[in-house]
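In our numbering, the protein residues as written are 45 to 274.
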Amino acid sequence: MGKLLSEVSETRSNIKKKEQSLPTKLVIRRLPSTLTEEELKAKLTFPPHDYFFFTGPNYSFGNDGFTRAYVNFIEYNDVLDFRNKFDGYIFYDNLGNEFSAVIEYAPCQQIPRTKQKIDQKINTFDKDPEYLQFLENLGKQVELLPSAEKYIEELQALTIADKKREKTRTPLTDYLKEKRDSRIAARQLAIAQREKERKQRLEEKEKRREREKERKSKQEKEKLDRKDTH
45 MGKLLSEVSE TRSNIKKKEQ SLPTKLVIRR LPSTLTEEEL KAKLTFPPHD
95 YFFFTGPNYS FGNDGFTRAY VNFIEYNDVL DFRNKFDGYI FYDNLGNEFS
145 AVIEYAPCQQ IPRTKQKIDQ KINTFDKDPE YLQFLENLGK QVELLPSAEK
195 YIEELQALTI ADKKREKTRT PLTDYLKEKR DSRIAARQLA IAQREKERKQ
245 RLEEKEKRRE REKERKSKQE KEKLDRKDTH
C-alpha cells in the first residue's frame, strides 16, 4: 500500500530537520605554526562551505604553538567525507618537522553573523552640528570679566564722587546720578549674565566630553564583542 502525500511530506520534513540538527562545523587542529591560510587552502580540498576562520598560533600555552582553522560545511555528507579524507593529514613546517592534523567537531556549532547592522553615525563625528558649534565657540576669544579688585576700586571712586556731589546737589545732579546708577545696574546685570553664560558653556563642554567618552566606550565594546564571536 502506497504512502499518502501528507505522509511523504512529513517524512521529508523530518529528514530535513534531522539534517539541520547534525553538526556541520569542524575544527582543524595541530597545524604547523608557520602554516598560512593560503597554504592550508592549497593543500586541502574544501567542499562548499559558508564559514571559514583561520587563526595563528597561541604561544601562551608554550613555545609549541599550533595554528587552527574552523570551517562550516553546507552538506553534512561533506563533513564526513572531509574528516575521513584529511584527518591525520601530514603537514611539514619550514624546518621539516612533521605535524599530523586533527579534525573534529567544533565545540561551538554556531557561526558568527556575517551581516551586521552598520551604524550610520560611524566616522561622522566631524560633521555633527553640536560638535561643529562647540569648535566654533572654542575658537572664540572669551571676554574676560573685570577683576574683583578693579570693580571695588570703581565702586569706591563712585562713592567718593557721590559724597562730593551731595554738597552741591541740584535737579541736574540728581538726574545725572540717576542715569549713572542706571548704567551701573545695567553693567552689573551684564556681568552677571556673562558669568551665567560662561558657566553654561563650561557645563555644555563637559556634557559633550561625557557623550564623546561614552561613544568611544561603546565602539570599543562593539569591537570586543565582534572579536568574541570568533
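We put the CB at the ideal spot given by N, CA and C, even for glycine.
In this structure the stretch 127-137 does not lie against the stretch 90-105, because fewer than three pairs of beta carbons, one per stretch, are closer than 8 Å. For the pair Ala150 and Phe135, the CB atoms are not nearer than the 8 Å cut-off. Taken in chain order, the whole alpha helix (DSSP H) runs of length 4 or more contained in the stretch 71-123 are 81-87. For the pair Asp206 and Lys221, the Cα-to-Cα distance works out to about 8 Å. Collapsing the DSSP output to three states places Tyr136 in a strand. In the assembly as shown, Leu182 is an exposed residue. Its beta-carbon has fewer than 16 other beta-carbons within 10 Å. The Cβ atoms of Asn121 and Tyr95 lie no closer than 8 Å to each other. A residue is called buried once 16 or more other Cβ atoms fall within 10 Å of its Cβ, and Arg112 is buried on that count. Residue nearest to Pro76 within the set Gly140, Pro67, Ser65 is Gly140 (criterion: CA-CA distance).
Around the beta carbon of Ile155, 16 or more other beta carbons sit within 10 angstroms, so the residue counts as buried.
DSSP places Phe143 in the uninterrupted beta strand (DSSP E) bounded by 142-144.
The C-beta distance from Tyr114 to Val71 rounds to 5 Å, short enough to meet the 8 Å contact threshold. In the structure shown, Ile147 adopts extended strand secondary structure according to DSSP, grouped into three states. The DSSP-derived three-state label of Lys207 is helix.
With fewer than 16 other Cβ atoms inside 10 Å of its own Cβ, Ile166 counts as exposed.
In terms of CA proximity to Arg259, Thr168 leads the group Glu82, Thr168, Leu88. In its chain, beyond the 5 residues on either side, no residue has a beta carbon closer than 8 Å to the beta carbon of Lys243.
Here Ile147 is buried. Its C-beta has 16 or more other C-beta atoms within 10 Å. Rounded to the nearest whole angstrom, the CA to CA distance from Glu174 to Glu239 is 22 Å.
Counting of Cβ neighbours within 10 angstroms places Thr68 among the buried residues, the total reaching 16 or more.
Glu198 and Leu179 have their C-alpha atoms some 36 Å from each other. Residues of the same chain with a CB within less than 8 Å of the CB of Lys251, apart from the 5 flanking positions on each side, do not exist. According to DSSP, Lys69 shares a beta bridge with Asn116.
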